[in-house]
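Encoded as structure tokens, the structure appears first; notes follow it.
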Amino acid sequence: MVGFCRRKNNVIEQWSSLLKLGHKKLSKERDIHWNELLRLGLPEPQESIWKYTPLDQLIDKKFVFPASPQLGYDFIKKEAFTIDAVRLVFIDGWFVPEFSDDQYDSFSIKVSQEFAQKEECSPIISDFFLHLTESLARQVIFIHLKSGIIARRPLYLLHISSGSTSNTVFTSHYRHHFQQDDRSEAVVIEHYISLDNSSHFTGSRLTVSVGNSAKLTHYNFSFEGRKSYHISHNDLKIGCESEVFSHSFLLGSGLTRHQTSAQLNGERSNLIMNSLMIPIGKEVCESRTFLEHHAGYCISSQLHKTIVCDCARAVFNGIMRVLKGANKTKGYIINRNMLLGLFAEVDTQPHLEIYHDDVQCGHGATIGDIDKEKVFYLQSRGIDEASAYRMIMYAFISELTTMVSYDLIKEELIHRIMKRFSGGVL
Numbered sequence: 064m065v066g067f068c069r070r071k072n073n074v075i076e077q078w079s080s081l082l083k084l085g086h087k088k089l090s091k092e093r094d095i096h097w098n099e100l101l102r103l104g105l106p107e108p109q110e111s112i113w114k115y116t117p118l119d120q121l122i123d124k125k126f127v128f129p130a131s132p133q134l135g136y137d138f139i140k141k142e143a144f145t146i147d148a149v150r151l152v153f154i155d156g157w158f159v160p161e162f163s164d165d166q167y168d169s170f171s172i173k174v175s176q177e178f179a180q181k182e183e184c185s186p187i188i189s190d191f192f193l194h195l196t197e198s199l200a201r202q203v204i205f206i207h208l209k210s211g212i213i214a215r216r217p218l219y220l221l222h223i224s225s226g227s228t229s230n231t232v233f234t235s236h237y238r239h240h241f242q243q244d245d246r247s248e249a250v251v252i253e254h255y256i257s258l259d260n261s262s263h264f265t266g267s268r269l270t271v272s273v274g275n276s277a278k279l280t281h282y283n284f285s286f287e288g289r290k291s292y293h294i295s296h297n298d299l300k301i302g303c304e305s306e307v308f309s310h311s312f313l314l315g316s317g318l319t320r321h322q323t324s325a326q327l328n329g330e331r332s333n334l335i336m337n338s339l340m341i342p343i344g345k346e347v348c349e350s351r352t353f354l355e356h357h358a359g360y361c362i363s364s365q366l367h368k369t370i371v372c373d374c375a376r377a378v379f380n381g382i383m384r385v386l387k388g389a390n391k392t393k394g395y396i397i398n399r400n401m402l403l404g405l406f407a408e409v410d411t412q413p414h415l416e417i418y419h420d421d422v423q424c425g426h427g428a429t430i431g432d433i434d435k436e437k438v439f440y441l442q443s444r445g446i447d448e449a450s451a452y453r454m455i456m457y458a459f460i461s462e463l464t465t466m467v468s469y470d471l472i473k474e475e476l477i478h479r480i481m482k483r484f485s486g487g488v489l
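Per my numbering, numbering of the sequence shown is gapless, rising by one per residue and ending at 489.
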């Protein structure tokens, strides 16, 4: 334990040096976040919500800011989703105008070095790494969609992080805030990829304030390399009579920890939160959700699916809290897990906190492997064993992949899923 504390202090000192390097004079907001980070302290291995996160892999590293990578437009053209969208490209924490669209349609985009803290941007659930990203992010992107506007094209946020081939680990942090006003509609796509196969650490935070009678569809695609570390946070604050859909596909990184937090603050709003995780090899992938129903007559639905291969580990933790004023709430959390490796592991904890009697809420979790009877049935119909396994796997994931509205993205998503499996299962 003494050794862990010494290494913990060392890595915090490294991040403190990066903070001073990136910002010669700290703003009030960054200072608040850094002090909160110090107050919380780097999580200890025995803490219940961190016990499955192998932080030893992180704290033993030497972190530096990336140098400017040599990146051409050909890489963007090859790796970006080929959809008609308002594209903003970020490389190693910086907005890159020359690779981004210069027309933003209905969206207003503002790039700032500092962040004026607002109530709608305050953390729903606070943790060490959220405040680390707030402290080390070198730019803040403000996105605004005015009342009554229906965005014709989705907003596509492409994040590219480069890795280090030396003994150091490049660290990049991305910070975005989206203000969506009343009666507006938008689609926001987050996409995270690695420039190469070298090690890097990515932190990100997206906060969204959804007005009344608005509609938002949000996708998060985490496709970084297997030597990378990815810790991200999404916060959704939702008004009344709004519809929000948030889908996360966590298909990369040696260590992934993604938190989606949401508040239903107005009556008669609907929220759907889904995720798909497919860790392979020795990867660790965590999906965590926290949802508060503050107002009545709202509906929330969560479906989280996991396929764990080889010696990998998946973690799901979902908390739904229904407060006293949230009468007539309907809310459900479902977690379904499939183990495909002899040493594959999954830890699941859906959890309800109900403080009102007049609600309909439930949760459930299942863990299993591929049903051999289903394989036998398909074989009895003339389908070979490999194809039978493939069909069962597609059926398992299709409930989530069909929620992607763009065919070209869906094709890329399925291609990414196929590459995750070894032995020709998919």
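Just so it is clear, CB atoms sit at the ideal spot from N, CA and C, and this is done for glycine as well. As the structure is a computational prediction, the values presented were derived from the model and not from experiment.
Ignore the nearest five residues each way along the sequence and tell me which others in residue i's own chain have a CB closer than 6 angstroms to its CB.
i, result
"Val378", "Tyr115, Glu349, Asp410"
"Leu471", "Thr145, Ile146"
"Leu269", "His239, Asn297"
"Arg201", "Gly85, Gly156"
"Thr265", "Ser224, Ser235, His293"
"Gln242", "His207, Ser272"
"Ile335", "Phe308, Ser364"
"Ile343", "Cys372, Asp373, Ala375, Arg483"
"Lys209", "Asp244"
"Glu142", "Ile256"
"Glu253", "Leu220, Asn283"
Could you give the residue range of the alpha helix (DSSP H) that holds residue i?
i, result
"Ala458", "448–464"
"Asn98", "91–103"
"Ser443", "435–443"
"Tyr136", "136–142"
"Asp298", "Asp298 -> not in any alpha helix (DSSP H); beta strand (DSSP E) instead, spanning 292–301."
"Thr196", "191–199"
"Arg479", "470–483"
Figure out for me which residue from the options has the closest Cα to the Cα of residue i.
i, options, result
"Ile172", "Arg150, Pro186, Ser185, Val347", "Arg150"
"Leu100", "Gln77, Lys124, Ala130, Leu193", "Leu193"
"Gly329", "Cys303, Thr465, Ile256, Met336", "Cys303"
"Ile301", "Leu318, Arg201, Ala325", "Ala325"
"Leu405", "Lys91, Gln442, Cys374", "Cys374"
"Phe261", "Thr231, Tyr237, Ile382", "Note that residue 261 is Ser in the sequence shown here, rather than Phe. When only C-alpha atoms are compared, the closest one is Thr231."
"Val250", "His263, Pro217, Ser276", "Pro217"
"Ile112", "Asp434, Asn380, Thr392, Phe459", "Asn380"
"Ile122", "Gly317, Asn73, Asp165", "Asn73"
"Leu463", "Glu346, Arg453, Leu366, Pro117", "Leu366"
Grab the span of the beta strand (DSSP E) containing residue i for me, first residue to last.
i, result
"Asn380", "376–385"
"Val371", "362–371"
"Tyr237", "231–243"
"His426", "422–431"
"Glu248", "248–257"
"Asp410", "408–417"
Which same chain residues end up closer than 7 angstroms to residue i when comparing Cβ atoms and leaving out the 5 residues on each side of it in sequence?
i, result
"Gly211", "Arg246, Ser247"
"Gly487", "The predicted model places Gly487 with a pLDDT of 39, which falls under 50 and marks its position as unreliable, so this point remains unresolved."
"Leu82", "Trp97, Ser198, Leu199"
"Asp421", "Asn390, Lys391"
So, at 8 angstroms on beta carbons, what are the nonlocal neighbours of residue i in its own chain, with the 5 sequence-adjacent residues on each side left out?
i, result
"Gln77", "Lys125, Phe126"
"Glu475", "Phe144"
"Asp168", "Val149, Ala214, Arg215, Arg216"
"Glu346", "Arg289, Ser316, Gly317, Leu318, Thr319, Ala375, Arg376"
For the region 356–363 and the region 203–222, state whether three or more C-beta atom pairs, one from each stretch, are separated by less than 8 angstroms. no
On the three-pair Cβ rule with 8 angstroms, is the region 281–288 touching the region 316–325? yes
When the Cβ atoms of the region 274–283 are set against those of the region 158–171, are three or more pairs found closer than 8 angstroms? no
Between the region 391–400 and the region 423–434, do three or more beta carbon pairs fall short of 8 angstroms? yes
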